[in-house]
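The structure under discussion appears below in the form of structure tokens.
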Amino acid sequence: MFRSKWLKISLVLIVLVALLAGCSSAPKQEAKGDQGQQSAGQKEITLNIATATTGGVYYPLGGAFAQVWNKYVPGVKASAQATAGTPQNIELMRAKQAEIAFGQNGVSYYGYKGTEQFQGKAYPELRAMTALYSNVMQIVARKGAGIKSVADLKGKRFAPGAVASATEINSREILSVYGLNYMKDKGEVNVKADFVDYNAASDLLKNGQGDAYLIAGGLPTAAVMDTCASADVEVISLEPEKIKEITEKFPWYFEVVIPAGTYKGQDKDVHTVAVSNLLLCRADLPDDLVYNLTKALYDHHDELVAAHKAAKEMTIQNALNGMTVPLHPGAAKYLKEQGLNVDVSVK
């Protein structure tokens, strides 16, 4: 009887211990369960960021954008893709092979409206998130080639950019005010063109195989730094009257100065033109996603500047500069919260 009574007491104690252990551990199990459900239920959002060639600014800055978004926007997995530039970026978004893209102002407008090289191929679903920084037109010539002005490119070997890239379009527009042309279907050809990317253009000058190139990028641009550090070259200024003609004919250009000392051997200011760069996206991206992406860029602006100096120009005050395509509603909401007038009409 004593043994039976003791056995009953032991069983009761075991049950009580089990109950107490269960009560104390239940909250921990429930917390893990909640986190597990949240992670499992959260859909990963893959973002392909179309940039440009690796020798410019778009690509490294696009990589910095991806890092910020992956770090601060839950569920986002972003990566930067090297491309031929704005025209290809627009086509990638049209084909839904990219969600986000960098784009030059004027060329983005051509794509949105379906004009110039996008004739008959308007992309009305193109949207903007914010303006970024200025793309400066940098014309670099090999010393000894007899080039002191763009006018001197006549008969010379010139790298205008990769075929149908935004830079190539810039070259075409700028050379046109000097009566110069390298396109066989655009009239008399009086400039010999090498349609190559930034790094290859730099190599041509360094090897003495080319006379000059035009590169469009934020200051400083990696390929221009490489050329100036490795070859005997100079950065060419545009004449005041030509700057006026360019900005009147193509109103998205504006005058800028490349400060002396920006590049090795550049001992004086260089006068040229620039266009704004835009961060573009597809209209079908969710409003809350675009809002969070835009917010993350400005909340962590210091990390972008650490990645490339060109991001210094990317401020709330400049967010609507040169906007030629409609804002995405998600971006518009964020910028409006920052006190900007987001009623931007595109004609």
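Just so we're aligned, residue 112 is where the sequence shown starts under this note's numbering, counting upward by one.
Ideal Cβ positions, reconstructed from N, Cα and C, are used throughout, including at glycine.
Just so we're clear, the structure is a prediction, and the values are computed from it rather than from any experiment.
Helix, strand or coil at residue i according to DSSP, with G and I counted as helix
i	result
Thr164	coil
Thr435	coil
Ile250	strand
Pro138	With a pLDDT of 38 at Pro138, under the threshold of 50, the predicted position of this residue should be treated as unreliable, and no value is reported.
Lys182	helix
His411	coil
Ile258	coil
Asn301	coil
Val282	The sequence given here has Ser at residue 282, not Val. Helix at Ser282.
Val288	coil
Val274	coil
Ala175	helix
Tyr244	strand
Thr157	strand
Lys355	helix
Lys534	Residue 534 lies beyond the range of the chain shown here (112 to 458); nothing can be said about it.
Rounded C-alpha distance that separates residue i from residue j
i	j	result
Asn429	Ala407	16 Å
Thr241	Pro351	30 Å
Pro440	Leu390	14 Å
Asn111	Tyr364	As displayed, the chain neither begins before 112 nor continues past 458, which places residue 111 out of reach and without an answer.
Ser313	Lys254	14 Å
Ala443	Val453	6 Å
Tyr234	Tyr223	5 Å
Asp413	Ala195	28 Å
Gly450	Asn216	23 Å
Ala256	Ile357	25 Å
Ala275	Ala342	27 Å
Glu155	Gly173	20 Å
Met248	Tyr445	31 Å
Gly433	Val386	8 Å
Thr278	Asp399	33 Å
Gln228	Glu448	36 Å
Tyr169	Ile326	12 Å
Ser282	Lys360	14 Å
Tyr221	Pro362	13 Å
Val367	Glu202	30 Å
Ala163	Ala394	21 Å
Ala177	Met336	25 Å
Gly319	Ser245	30 Å
Gly214	Ala311	21 Å
Lys265	Ser287	12 Å
Val436	Thr226	13 Å
Residue i beta carbon near the ligand GDP (any heavy atom closer than 7 Å)
i	result
Ala175	Absence of the ligand GDP is noted for the structure shown, with no ligands found whatsoever.
Neighbourhood of residue i by C-beta, 6 Å cutoff - its chain only, sequence neighbours within 5 removed
i	result
Ser135	Confidence at Ser135 is low in this model, with a pLDDT of 41, below 50, so the placement of that residue should be treated as unreliable; the coordinate-derived value is given next. Cβ within range, chain order: n/a, list empty.
Leu415	Ala175, Ala422
Thr157	Lys188
Val381	Val346, Ser348, Ile369
Leu243	Asn388, Leu390, Met425
Gly376	Cys339
Lys353	Val288
For residue i, the first and last residue of its enclosing alpha helix (DSSP H)
i	result
Ser313	309-317
Val453	Element bounds for Val453: n/a, residue is neither H nor E.
Gly222	216-224
Ala195	Counting along the chain, Ala195 falls outside any alpha helix (DSSP H), and DSSP gives it neither H nor E.
Thr338	333-341
Pro440	440-448
Among the options, nearest to residue i - alpha-carbon criterion
i	options	result
Val307	Leu330, Ile285, Ala334	Ala334
Ile285	Ala443, Thr383, Gly173, Leu404	Thr383
Gly272	Gln377, Thr197, Ser245	Thr197
Asn181	Asn432, Tyr445, Glu448, His411	His411
Tyr309	Asp296, Tyr324, Gly298	Tyr324
Met204	Leu396, Gly167, Gln449	Leu396
Ile280	Ala394, Leu172, Lys297, Lys265	Lys297
Thr165	Ala177, Ala193, Val179	Ala193
Ala161	Gly186, Ala262, Ser190, Ala327	Ser190
Lys355	Met336, Tyr289, Ala340	Tyr289
Ile427	Pro437, Val179, Tyr409	Tyr409
Contacts around residue i, its chain only, beta-carbon distance under 7 Å, and the 5 residues preceding and following it disregarded
i	result
Cys392	Glu210, Ile211, Arg238, Met240, Val401, His439
Val344	Val251, Ala252, Arg253, Lys254, Leu316, Thr338
Val184	Asn403, Leu404, Ala407
Arg268	Lys303, Asp305, Gly321, Asp322
Ala151	Residue placement at Ala151 is poorly supported in this model, since its pLDDT is 45, which falls under 50; the coordinates still yield a value, given next. Contacts found: none.
Pro171	Ala418, His419
Asp263	Gly257
Thr373	Leu330, Pro331
Val218	Thr197, Pro198, Ala277, Ile280
Residue range of the unbroken beta strand (DSSP E) whose run includes residue i
i	result
Gln428	Element bounds for Gln428: n/a, residue is neither H nor E.
Ser348	First-last for Ser348: undefined, no H or E at that position.
Ala323	323-328
Ala270	268-270
Ala385	381-393
Glu366	365-369
Proximal residues to residue i (C-beta, below 8 Å), its chain only, five neighbours per side dropped
i	result
Lys420	Gly329, Leu330, Pro331
Val300	Asn292, Tyr293, Met294
Lys379	Ala371
Beta carbon proximity, residue i to chain D, threshold 8 Å
i	result
Pro362	The structure shown contains no chain D; it is built from a single protein chain.
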